[in-house]
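Enquirer: Before I ask anything, let me first share the structure, which is written out below as structure tokens.
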Amino acid sequence: MFTIDNFIRPHLKSLKPYSSARDEFEGEASVFLDANENNLGSLAGGVDYNRYPDPYQKTIKEKLAKLKGVKPEQIFIGNGSDEAIDLLVRLVCEPGQDEVLLLPPTYGMYEVSANIHNVGIQRVPLDERFQPVFQKIAEKQTERTKILFLCSPNNPTGNVLEHATVENLIQTFNGLVVVDEAYIDFTDQPSWSTRLDEFPNLVVLQTLSKAWGMAGLRLGMAFASPEIIGYLNKIKPPYNINVVTQGLVSDALDKTAQLQDMLQVIMDERTRLLQAFEALPLMEKVYPSDANFVLVQVPNANELYSFLLERGVVVRNRSNQPGCANCLRITVGTPAENDNLLEALHSIAATQKV
Ligand SMILES: *Cc1c(COP(=O)(O)O)cnc(C)c1O
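All residue numbers for the sequence shown refer to our numbering, where the first residue is 217 and numbers rise by one.
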């Protein structure tokens with residue numbers, strides 16, 4: 217039976233967290249002289265910018281809990297989900313000793329976070345369908361492997377990881393299993409956050425950076441047991457989500473109808489791009505997508521990348537990722553931007569330049 221207490225780094229288990237002025241005050245008051253703020257106001261103008269933000273983002277968590285079908289105490293909010301990735305590594309991995317397990321090709325920050333903390337990295341590549349290979353992953357785990365990072369839908373490949381394999385991994389992996397669902401809103405697959413009560417070692421990551429269109433505000437979420445969330449709260453920077461972000465996000469979370477409208481446009485455009493790519497002789501492989509981007513394989517990714525750049529279109533060259541030789545990752549843009557892209561691609565087909 218998994219208990220998070222057995223995985224927390226010992227010095228963090230006994231850590232006494234920073235106690236902020238707003239943590240220590242409980243009750244009703246109208247005169248706040250407890251936090252050395254400037255009570256005259258803020259040069260940035262606006263509302264309450266002179267005040268420290270709510271360290272636990274209560275308003276946002278209540279709204280997210282309703283939207284996602286989880287309890288507020290199962291939610292951690294980070295300065296982007298990248299902050300949650302960083303804190304998870306810090307929480308359970310002893311530098312110079314422990315390891316994380318990655319399934320490339322995948323999102324780059326798991327590796328960077330591990331490297332920042334001098335935590336080892338083990339890798340088991342996804343198979344040729346970009347699916348996890350259960351047996352090889354099981355064989356790779358040692359008692360030093362503390363986190364398995366899964367990304368579904370996966371970046372940069374765009375596919376959802378097979379449900380049965382993910383469930384098997386969560387059930388058998390003796391450590392934290394992080395399922396990064398940054399692109400969950402672009403698929404009709406259910407979120408693993410609906411299964412939190414069954415799996416005490418499961419952490420699900422989501423973000424407002426992709427579907428919700430708020431990458432610039434920096435807000436990511438981790439969903440997990442209240443015990444894991446409690447530890448993340450203990451080690452996070454006290455005021456990690458600023459007042460502006462909290463206010464704007466709180467308003468945006470009410471706009472679910474507009475979210476659905478935007479998602480519809482993006483998914484329709486994804487279909488249009490997929491069909492147009494399929495019809496281009498230039499494309500050697502067009503991978504199906506459950507995300508807001510499409511991975512394609514071409515004869516020469518470097519050349520095509522430069523050709524598009526000359527026409528003012530920048531895509532992501534993923535050629536040096538394992539299993540992604542000559543692959544470009546193309547984000548679904550606005551209808552007009554996608555027209556630009558397709559025009560550029562058709563002009564190649566016409567001139568046979570690349
Ligand atoms: C974009 C992305 C993130 C980053 O999310 P932020 O909330 O902006 O930090 C996390 N995971 C994956 C797989 C992503 O593609």
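A virtual CB, placed ideally from N, CA and C, is assigned to each residue, including glycine.
From a predicted model like this one, the values you see are computed outputs, not experimental measurements.
1) Check whether the Cβ of residue 374 lies closer than 7 Å to any heavy atom of ligand 1, and answer yes or no.
2) Flag residue 297 as yes when its Cβ comes closer than 7 Å to any non-hydrogen atom of ligand 1, and as no otherwise.
3) With a 10 Å radius around its C-beta and 16 neighbouring C-beta atoms as the bar for buried, classify residue 569 as buried or exposed.
4) Since residue 238 and residue 271 should fall inside the 8 Å C-beta cutoff, what is the C-beta to C-beta distance between them, to a whole number of angstroms?
5) For the region 460–480 against the region 415–435, are there 3 or more C-beta pairs whose distance is under 8 Å?
6) What residue from 322, 223, 269, 275 has the CA that sits closest to residue 310's CA?
7) Verify whether the separation of the beta carbon atoms of residue 231 and residue 451 is less than 8 Å.
8) Which two residues bound the contiguous beta strand (DSSP E) that contains residue 393?
9) Please report the straight-line C-alpha distance between residue 368 and residue 459, rounded to a whole angstrom.
10) Which term fits residue 372, buried or exposed, when burial requires 16 or more other beta carbons within 10 angstroms of its beta carbon?
11) Is any heavy atom of ligand 1 found at a distance shorter than 7 Å from the C-beta of residue 398?
12) In the DSSP assignment, what are the bridge partners of residue 367?
13) Beta-carbon within less than 7 Å of residue 370's beta-carbon, same chain only, minus the 5 sequence neighbours each way: which residues are those?
14) What does a CB cutoff of less than 7 Å around residue 500 pick up in its chain, not counting 5 residues either side in sequence?
15) Report the rounded CA-to-CA distance for residue 388 versus residue 559, giving the unit in angstroms.
16) Candidates 564, 258, 442: which alpha carbon is nearest residue 497's?
17) Round the Cβ separation of residue 571 and residue 419 to the nearest angstrom and send it over; I've been treating them as touching at under 8 Å.
18) In the DSSP assignment, the beta strand (DSSP E) including residue 437 goes from what residue to what residue?
19) Enumerate in chain order the residues of its own chain whose CB-to-CB distance from residue 294 is below 6 Å, with the five nearest sequence positions on each side excluded.
20) Nearer than 7 Å: is that true of the beta carbon of residue 436 relative to any heavy atom of ligand 1?
21) Distance check for residue 398 and residue 447, CA to CA, integer angstroms please.
22) Could you give the residue range of the alpha helix (DSSP H) that holds residue 351?
23) Using three-state DSSP, classify residue 564 as helix, strand or coil.
24) So, are the CB atoms of residue 509 and residue 502 less than 8 Å apart?
25) For the region 394–408 and the region 252–272, state whether three or more C-beta atom pairs, one from each stretch, are separated by less than 8 Å.
26) When the Cα of residue 507 is compared with those of 566, 316, 403, 457, which residue comes out closest?
27) Please list the segments of the beta strand (DSSP E) lying wholly inside the region 497–522, counting only runs of 3 or more residues, in order along the chain.
28) Measuring only the C-alpha atoms, how far is residue 328 from residue 298?
29) Measuring from the CB of residue 367, is there a heavy atom of ligand 1 at a distance below 7 Å?
30) Please work out which residues of its chain come closer than 6 Å, Cβ to Cβ, to residue 542, disregarding the five sequence neighbours upstream and downstream, and give them in chain order.
31) Note down the Cα distance separating residue 338 from residue 363, rounded to an integer number of angstroms.
32) So if DSSP puts residue 294 in a beta bridge, which residue, or which two residues, is it bridged to?
33) Quick one: is residue 440 buried, meaning 16 or more other Cβ sit within 10 Å of its Cβ, or exposed?
34) What are the start and end residues of the alpha helix (DSSP H) that includes residue 387?
35) Give a yes or no on whether the C-beta atoms belonging to residue 350 and residue 386 are separated by under 8 Å.
36) DSSP three-state label for residue 332, please.
Expert: Working from what's here:
1) No, since every heavy atom of ligand 1 falls outside the 7 Å radius drawn around the Cβ of residue 374.
2) A distance criterion of 7 Å places the beta-carbon of residue 297 in contact range of ligand 1, judged by its closest non-hydrogen atom.
3) A caution first: residue 569 carries a pLDDT of 49, below 50, which makes its placement in the model unreliable, though a value can still be read off. Burial state of residue 569 is exposed, judged by a 10 Å Cβ sphere holding fewer than 16 other Cβ atoms.
4) About 6 Å; that satisfies the 8 Å criterion.
5) A contact is defined here as three or more CB-CB pairs under 8 Å, and the region 460–480 meets this definition with respect to the region 415–435.
6) Nearest C-alpha to residue 310: 223.
7) In this structure, residue 451 lies closer than 8 Å to residue 231 by Cβ.
8) DSSP places residue 393 in the uninterrupted beta strand (DSSP E) bounded by 392–396.
9) Taking the CA atoms as reference points, residue 368 sits about 31 Å from residue 459.
10) Counting C-beta atoms within 10 angstroms of its own C-beta, residue 372 has 16 or more neighbours from the protein chains shown and is therefore classed as buried.
11) The answer is yes for residue 398.
12) Beta bridge pairing from DSSP links residue 367 with 396.
13) For residue 370, where only same-chain residues beyond five positions count, the Cβ hits under 7 Å are 322, 346, 377.
14) Beyond the five residues adjoining it in sequence on each side, residue 500 comes within less than 7 Å, by CB distance, of 513, 514, 515 in the same chain, given in chain order.
15) When rounded, the distance between both Cα atoms is 49 Å.
16) When only C-alpha atoms are compared, the closest one is 564.
17) Because residue 571 is not part of the residues shown, which for the chain are 217 to 570, the question remains open.
18) Counting along the chain, residue 437 sits inside the beta strand (DSSP E) bounded by residues 436–439.
19) In the same chain as residue 294, and ignoring 5 residues on each side of it, the C-beta atoms closer than 6 Å to its own belong to 300, 436, in chain order.
20) Yes, since a heavy atom of ligand 1 falls inside the 7 Å radius drawn around the Cβ of residue 436.
21) Going by the C-alpha atoms only, they are around 22 Å apart.
22) Looking at the DSSP string, the run of the alpha helix (DSSP H) that includes residue 351 is 350–356.
23) Residue 564 falls in the helix class under three-state DSSP.
24) Cβ atoms of residue 509 and residue 502: not closer than 8 Å.
25) Between the region 394–408 and the region 252–272, the count of C-beta pairs closer than 8 Å stays below three; the two stretches do not touch.
26) Measuring C-alpha to C-alpha distances from residue 507 to each of 566, 316, 403, 457 identifies 403 as the nearest.
27) The region 497–522 contains these whole beta strand (DSSP E) runs: 509–513.
28) Rounded to the nearest angstrom, the two C-alpha atoms are 10 Å apart.
29) Flag set: Cβ of residue 367 near ligand 1.
30) The residues 513, 514, 517, 535, in chain order, have a CB closer than 6 Å to that of residue 542 in the same chain once the five nearest residues on each side in sequence are set aside.
31) Rounded to the nearest angstrom, the gap between the Cα atoms of residue 338 and residue 363 is 10 Å.
32) Bridge partners of residue 294: 436.
33) With 16 or more other Cβ atoms within 10 Å, it is buried.
34) For residue 387, the enclosing alpha helix (DSSP H) stretches over residues 379–388.
35) Cβ distance not < 8 Å, so residue 350 and residue 386 don't count as in contact.
36) Three-state result, residue 332: helix.
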